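When we follow UniProt numbering, the leftmost residue of the sequence shown carries the number 1, and every step to the right adds one. Even for Gly, the Cβ is constructed at its ideal location relative to N, Cα and C. Quick caveat: nothing in here was measured; it's all calculated off a predicted structure.
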Amino acid sequence: MSLIHRIDSFSKAEGLYSFITESNSIYQVRISKDKRTLIRFPQADSGEKKFRKDNEELMIIGEFSIVVGKPAIFTLEPLGEFGNCTIRITNIVKSISYIH
Numbered sequence: 001m002s003l004i005h006r007i008d009s010f011s012k013a014e015g016l017y018s019f020i021t022e023s024n025s026i027y028q029v030r031i032s033k034d035k036r037t038l039i040r041f042p043q044a045d046s047g048e049k050k051f052r053k054d055n056e057e058l059m060i061i062g063e064f065s066i067v068v069g070k071p072a073i074f075t076l077e078p079l080g081e082f083g084n085c086t087i088r089i090t091n092i093v094k095s096i097s098y099i100h
């Protein structure tokens, strides 16, 4: 794994990335030419609230930016019955890694 400072929806490098937030939640972002997905793995012992569809792969349907020192914001597929998208805002990003 190699540490990086930023990835976003305009990144040309396809692959699997991981980032960790201040609450110690771990996220994985997969970027391919056909789709972009997000999975959140919350830390059970942190007291952090569970989100709908934790531990499940979700489609990213809008632009995003993940930068160390800032929260990441994602526009995701709708996670409920109403609306045409779900917005997910993370805690401050501590680190980003390229997995493969």
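Pairing M59 with T37 gives a Cβ-Cβ distance under 9 Å.
Put simply, the backbone Cα of Q28 is about 26 Å away from that of F82. In this structure, DSSP gives N91 an extended state, which the three-state scheme calls strand. For I7, the enclosing beta strand (DSSP E) covers residues 6 to 8.
For I66, the uninterrupted beta strand (DSSP E) run begins and ends at 65 to 67, by DSSP. Closest option to A72, judged by alpha-carbon separation, among L79, E57, T21: T21. Residue state for R52 is assigned as coil, using DSSP reduced to three classes. Judged by their CB atoms, F41 and I96 are not nearer to each other than the 9 Å cut-off. The alpha-carbon of D54 is positioned some 7 Å away from that of I39.
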